[in-house]
Structures are given as C-alpha cells and as structure tokens.
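Chains as they are written, first to last, in the numbering used here: chain U, 1033 to 1492; chain L, 1033 to 1492.
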C-alpha cells in the first residue's frame, strides 16, 4: 500500500509530489494524459509563450524608436506553434526526468476511486489494475465547458484544448464565444497573428468577473478596438449554419457573423465525472465538496485545484497541494485565498490581488483609490510601454492597502509587491516611503499613493 | 526670504521640491543646466532607453522561435540616440510644466553659498544675484572623475557625459577605461550597436565592487566574451599616441590597443568645487560632511545625493531629500541605507539588495545561500530569456533572508520583493510558502529556498 496516491499530475499533483517526496512519503501517481496537466501542456505555459510572441510582434511596430530598421517581416503562426511545443516538451521532460530520478511510480491510465483506499487505473487498451493508498488526492483539474447550442467537434467548433493542441494554422476569421480570460488571451494572440476576430460575450463587458474592475475591461476594450477585434455584448449564439466552408452564426441580438471557425471559451468545469464509485460528495456543478482541511467526505481522500470550488488557478492548486501534505502528516492547516494574485495576458498584461472597490464594498469596507498611469513612469517610457496604469485600493480610514489592479508592462510580477504590502499591513504612507530603485516600474506604487484628483498624497 | 533654496534639480532636488510643495514651503530652485539633472538627462533614464534598444536588438536573433521571420534589419545608432533625446525631452517637459504650474521660482544659474542664508546665482552672461533662504539644500550631484594619464577632450577621450550628450555616431573601435557600472552599461550598448569594444579595468574583474558578488562578475564576463568584448584586468592606461585618426594606447601590462576613441568611466566625484565660500566641511575626496540628519556644519544647510558619501544612486538622493524636508520641519529622521536596492543594465539586468556573502561575513554573519537558474523558470522560458539566476542569502541559524543577487530578466523589479522579504523578517520557509502567480519570474524565489547542492529545502 502506498502512503499516497495522487490522481492527476498537473500543478497540484506536481507540488503534492515534490512536497510528499521531501517528507519521505511513498507515493504513486496516476495520470491518463501528458505529465504537467493542462497548465504546462495547454494553458498557463504555452499560452504565455504565444502571448509573448504576439507582444513581440506588436513591439516590432515601435522599434524604429530603438534605431532598428526592419526591411520587412512575416509572421508564421505554425512556426510559433511548433516552437511553443518544443518549449513545453523540454519543460515536460525536466518533470519526467525528475520523477524518474526519484523513482516515483507513475501509472499511465485514468484513475477511478473504487474504495476508500483503492484506486482503479483504467488503461487505454481496456485493461485495468487496482492500487492502494493510505491517502488519496484528487487533482484531476478541469475540462472546457460547453453550451447547449454549440457542440465542440474539433473542426468547426473547437475548445481551448483543441486550439492549443492541434490548431497549428489559424483560420482567416474566427468567432470567440466568451469574453473571459481564455477568450481575451487566445483572441488577442490570434488577432495579432492575422486572424480576424469577433468575440461574443453574454455579459456586458470583456472579463466580466466581479474580481475584475470595470476600468480594466474598458482599458482592454479600447485596445481590442484598436486591433480591429469586434465585440458583441449581451448576446449569445443562437444558431450556426454551415454554408460551404463558412459558418454562418446567428446571434441573439439579430446580428449574423460569418467565420471559418468557432472557438468556445465559456469557462471550465471540474473534471470529476466517473472519478469514483464510492459516493464522494459533489455540488450541483460537479465540484468536489471539501472541508477546510481539503478533505472530502472520506477523511483520507483529499481534493485540490480545479476540482474543488476555489479559484481556478495553477498556483492555487499548488498551494492547496502543500497544505494537504501537511494535513496528511497530522497538521491541521486551511487555505487562505485572500492574497492569491491573478494575472491575465492579453492585449495588456493585467493583474490583481486583494480587493477591488466593488469587492471591498460587498464586505462593508469603504475604500479610496490611488491611480497612476505608466505614461509618466520613466522605465515604462524606456521600454516603449507607456500604456496602462496602477490603481491601489486603500481602506478609507486607516489608509491600509487592501488591493490593487495593475494593467501594463510587468503587471504579473509587480502584483507580488502589493501582496506583500497587504500581508504586512502597509499604509499609503508606508508604500510612499518604501525605497524603490530608480528608474523602475515598481516606483509607480509610490506615485499611486497620490490622489491625482486633488494632487495630494493621501496621508498628508 | 525663501523657506528653502534647493541648489541642483536632479532626482534629489526634484523630490525635495515635491515634498516641500506638499508641505507648503516657499521654495527657490537654482540649476545651471537642464532640469532633471544627470539622472534624467544623461544617466539613469537615457542609458536604460539605449540598453532596452540593445536588448531588443539581441532579442531579434531569437524571435524565429516566436514565428517571426525577419527579412533583414539595420541598426542605426543615430536614430536610437535621437529617439532617446525625444523621450528624455518629453519627460523633462513634464517636469518643467509641473514646476510652472506650481509657480516655483527657478534660477537658471550656478549656485554658490556665500552666507549662512545666502546663495549667489551666477549666470552664464557673467551677471549674478543673491537670494536668501531660511534653509538650503545642496543637491548638485557628481561629475565624471578622470585619471592623471587621460584628460577628457570631448573628442578622442570622452566622458560618460560626452557619450550621452553628444556622441550620436559610434566609433568603429572604442576603449572603455573602467569596468564598473558605467563601463559595463555603455560598453554593452556600444558593442550591440556594432562598435568593437575593449575594456581595461585596474581591478581583477568586471564590476569590481564589494557590493557585487564575484559570481555576478563571472556571469557577465562570460556574456561579454560571447559578444566579442575584449577585457583587460589589473591593467591601466600608460600612454596614448595619436597616429593619424587612430589612438595607440599602451597598457601597463605591455599590451597595445588601437582604437578610434577612449571612453572614460572611472567613477564620479562630488560636484562640490566652488560650491561655497563659507567653509562647509568636506572630506578629502570632496564629499560634503553631514551628520545623521543630513546637516552640514551649518545646521540650516543640508546636503543630499552624490555630494555626500552615501550610495551614488538616484533613489538614494530622493530618499534623502524627503528626510531633509521632514527635518527642516522639525522632525529628526536619519537615513537607513540597509535596504537600498541597486541594479545595473548591461549584457544582463543585474540587481542586489541587502547583504551578499562577503558583506555578511564582514559583519560576522554566517550565511547559507539558495541558488536557482532562470533556465527552469517557465515564464523566463516563455520570454526566451532563460539566462541568469537568483541567489538568496540567509542567516545560517535563523534562515532569515539577509540579501539577494538577481541576474537576468526582470531583475530590477524582482529585487523589491526581496527588500520587502528582508524588511519583514521573512525566513526561507516564509519565502517558500508565499503564494506566487504561476507562471511568473517571481516564483524563482520559491525555488531558491532549496539547497540545490543537496536537493532539499533549507528549512526541512
């Protein structure tokens, strides 16, 4: 019997493995697909690769200001796609080699929990075997959601996974259904590589999440308009007719769009179908129910990452993985999601941590906010990246920082400073007086402690 | 009589102005040259502009991996130089407009302190006037140092200021005298734009400062070798003969180098000659002596920035400026330089904060260090920037972080996280358990809490 069987080898399973190995647990891994999960193979890592490519292409338009005269250039998505695959393969091989070097048992099949301590591994050839673990972690992640009117067929209507795995040549026209994170990321990449993009979103803005300030959506919307990305809001797809090679898409607002392909980005659902035969509790959306120690209704069976109802982010899965190993070893630790940073990589790099104005209001916290644009940040100017801004949210009375939005260059790194400011109780004054390197993007936090509206520091 | 006369409008003078205005002080500024000082006009800002240009040129060699096929390109230093001037002018205009909008009195001449409350302003036309201030801040910065054997003539032997102000066309061959920060920055830029660079340094390595770990120098040396930058160590210039258009330079090691130009980067000296006629105390190197409240031997006369013997960094000058305004208003605050971050921008972005191994040893602190290369950081791979590393220094017993070196992409931003870790007493465990966005460069800190040598976390 293993000490621990981990089902799913994405960022959650990977971190659980590393931590368990350090703690000398005897573990087994069950993974039906490529090691690394969606994050490494189809999401976080490869999308950022392609986004960097797109951003570099955009930058080529500015680099005459660096004294670089281009005679001309072509962009070839297939080349980028294949190089992306090589980069991912190389990172995946590091992971494979690490597991080999640690002599970890890897079972390459689908895991199904068939007893409190029993995991059946179902292989592709139809055979199966049962392995046993004192503890089990379910870390099987999520799968693309779909909507009733659109059935993915890997040809005309594709999922984000089809896009990342197989779409090595981009279509001329593509409809992106859903204006959330994936839609804004893949829509942007495709647009820069030459595809005419239309986005249809049932909400009233891009990135229609409570976590995302309306100001961010507006900023990104402006950029998308400049790029010629067409957006429809408060609309859904009602019907699709195939006419020759073209898809004629009727929208609920009466408009019709003609495209070559439809990319479905309507969210992700927990990958928990047929995960067990023993009655593990799930909610109505299929998320596995866990207590504050991440235990399911079977105390030796834990669930982490996208299969539970916590933020669907790779680093949340890793975070939960570490806590679970501690809990398996007798501690009693619970996750705290209040300082989980998130970032998206679209026409701008966008990040957020803590509370924005709306979230603060919901908790009864009155806020004031400090805004500063990158336009006046010398480093951003040096990098030819003067677009975007920082907005810091402060609790009105104490002027303690409670959250931040960052839009623009370096956003996904800068956000960690804010997490540290919040964690350590920094006020506007503390942030203003912290010593920043000059010139740095980080200095923008200092200036965001001014209230631009009245031209004064908050704390004066 | 003004509340405050500020002599010198670089980053120190600028911050003093902003803070004084907020505190409703009635101020006058005396500046003989362009507003913004060396930092804005000739150093921090424009060098980073050109360095970003150079880095983009280097990146062009890799971007086939982004699916970008260049038909060809030319680099034209003059274009970059002029665009740099435009960017700086635009930032300088913001500054000018700000001062105008605040109706600040600006005296465009050289300031000389001729009485405890009197500053004589000497204009270029020979005229002068005396203005009076209850308080005076000396923030006149520094000027390039020279060495006996080499007299700058703005033609054959140039200073960093000549380079940044006037050298719009690069020579074919250039000798850089001095392998410190300026030499490594300007040598790198020139090399990428096509100049054959030789560096001669009297120390035994590039960046020969106690603050800079030998590991950093070695890393940069390797890069310079790849770029074809030739380096001589433990050598100085002994003689220069002009033969036609060429300069024949004899070095103390017996070697001879033939170049078109010599760039002197042998450090900077405080700009304090003829600063006063009232006997302000200076040390043997010309630095103005100040007490812990940044007061000179006249208690109403303060000195900040490069004129005093504190780290010669723009953000140190701004930091001191703020403290001085507080002191003028009756507080008693002293600078603490322990968490001043620094960064250099050469073949790599390099940064440091706190203590390195050697500095720690000098203070009797025994350290262990955690190293991690960007090669395995997914975001760095996505950015095609897998070179460089992070080294964290921990106090051996407590495993509290005491300092860090960062070499590679994003170094000058990432360093602020370490400053915050140190400031808030983070241990290796705290750094490991902090929640980082995935994928981010910042995650490298988590992995640098492993001791790679034994493959274990420090705190396990």
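We put the beta carbon where it would ideally sit given N, CA and C, even for glycine.
Remember, predicted model here, so these are calculated numbers, not experimental data.
Check	Outcome
Any idea if residue 1288 of chain U is buried or exposed, counting beta-carbon neighbours within 10 angstroms, 16 or more meaning buried?	exposed
With DSSP run on the structure shown, which of helix, strand or coil describes residue 1282 of chain L?	strand
For residue 1103 of chain L and residue 1105 of chain U, which I take to be in contact (beta-carbon distance under 8 angstroms), what is that distance rounded to the nearest angstrom?	6 angstroms
Can you give me the C-alpha to C-alpha distance between residue 1134 of chain U and residue 1267 of chain U, rounded to a whole angstrom?	52 angstroms
If the cut is a Cβ gap below 8 angstroms, which residues of chain L does residue 1470 of chain U touch?	1043, 1071, 1076, 1345, 1346, 1347, 1350
Once you ignore the five residues that flank residue 1278 of chain U on each side, which residues in its own chain have a CB closer than 8 angstroms to its CB?	1290, 1291, 1292
Output, in sequence order along the chain, the residues in the segment 1350–1377 of chain L whose CB is closer than 8 angstroms to any CB in chain U.	1350, 1351, 1354, 1371, 1372, 1373, 1374, 1375
Secondary structure at residue 1336 of chain U, three-state DSSP: helix, strand or coil?	coil
Is the CB-CB distance between residue 1116 of chain L and residue 1067 of chain L below 8 angstroms?	no
What first and last residue would you give for the alpha helix (DSSP H) that runs through residue 1113 of chain L?	1109–1133
Spatial neighbours of residue 1427 of chain L within its chain, please: CB distance less than 7 angstroms, with the 5 preceding and 5 following residues excluded, ordered by chain position.	1397, 1399, 1434
Kindly say whether residue 1108 of chain U, judged by its beta-carbon, lies nearer than 8 angstroms to any beta-carbon of chain L.	yes
Looking at the C-beta of residue 1432 of chain U, does it have a partner C-beta in chain L at a distance below 8 angstroms?	no
Look at residue 1247 of chain L and residue 1228 of chain L and say whether their C-beta atoms are less than 8 angstroms apart.	no
Would you report the Cα separation of residue 1052 of chain U and residue 1058 of chain U, rounded to the nearest angstrom?	8 angstroms
Please confirm whether residue 1277 of chain L has its beta-carbon closer than 8 angstroms to some beta-carbon of chain U.	no
Quick check on the DSSP output: the beta strand (DSSP E) that includes residue 1437 of chain U runs from which residue to which?	1433–1440
Work out the CA separation of residue 1142 of chain L and residue 1201 of chain L for me, nearest whole Å.	31 angstroms
Closer than 9 angstroms by beta-carbon distance: list the chain U residues that pair up with residue 1488 of chain L, in chain order.	1054
Measure the C-alpha to C-alpha separation of residue 1341 of chain U and residue 1318 of chain U and round it to an integer number of angstroms.	9 angstroms
If you measure beta-carbon to beta-carbon, which residues of the segment 1401–1417 of chain L are closer than 7 angstroms to chain U?	1408, 1410, 1411, 1413, 1414, 1415
Quick one: does residue 1222 of chain U have its CB under 8 angstroms from some CB of chain L?	no
Given a cut-off of 8 angstroms, decide if residue 1163 of chain U and residue 1037 of chain U are closer than it, judged by their beta-carbon atoms.	yes
Under 8 angstroms, do residue 1414 of chain U and residue 1166 of chain L count as touching if we go by C-beta distance?	no
Go ahead and label residue 1226 of chain U buried or exposed: buried means 16 or more other beta carbons lie within 10 angstroms of its beta carbon, across all protein chains shown.	exposed
Between which two residues does the alpha helix (DSSP H) harbouring residue 1251 of chain L extend?	1246–1259
Comparing alpha-carbon positions, which option in U:1221, U:1065, U:1128, U:1178 lies nearest residue 1107 of chain U?	U:1221
Run through chain U and tell me which residues come within less than 8 angstroms of residue 1105 of chain L, C-beta to C-beta.	1100, 1101, 1102, 1103
For residue 1454 of chain U versus residue 1386 of chain U, is the C-beta distance shorter than 8 angstroms?	yes
What does residue 1449 of chain U reach in chain L if we use C-beta pairs closer than 8 angstroms?	1448, 1449, 1452
Using a Cβ-Cβ cut-off of 8 angstroms, state whether residue 1479 of chain U counts as contacting chain L.	no
Against residue 1327 of chain U, what residues of chain L qualify as contacts under a CB-to-CB distance less than 7 angstroms, listed in chain order?	Result: empty, since nearest Cβ-Cβ is about 21 angstroms, beyond 7 angstroms.
Using a threshold of 8 angstroms, state whether the C-beta atoms of residue 1443 of chain L and residue 1389 of chain L are closer than that.	no
Relative to the alpha-carbon of residue 1411 of chain L, which residue among U:1298, U:1072, U:1392, U:1258 has its alpha-carbon at the smallest distance?	U:1072
To the nearest angstrom, report how far apart residue 1269 of chain U and residue 1047 of chain U are at their CA atoms.	39 angstroms
Have a look at residue 1238 of chain U and residue 1217 of chain U and give me their C-alpha separation to the nearest angstrom.	11 angstroms
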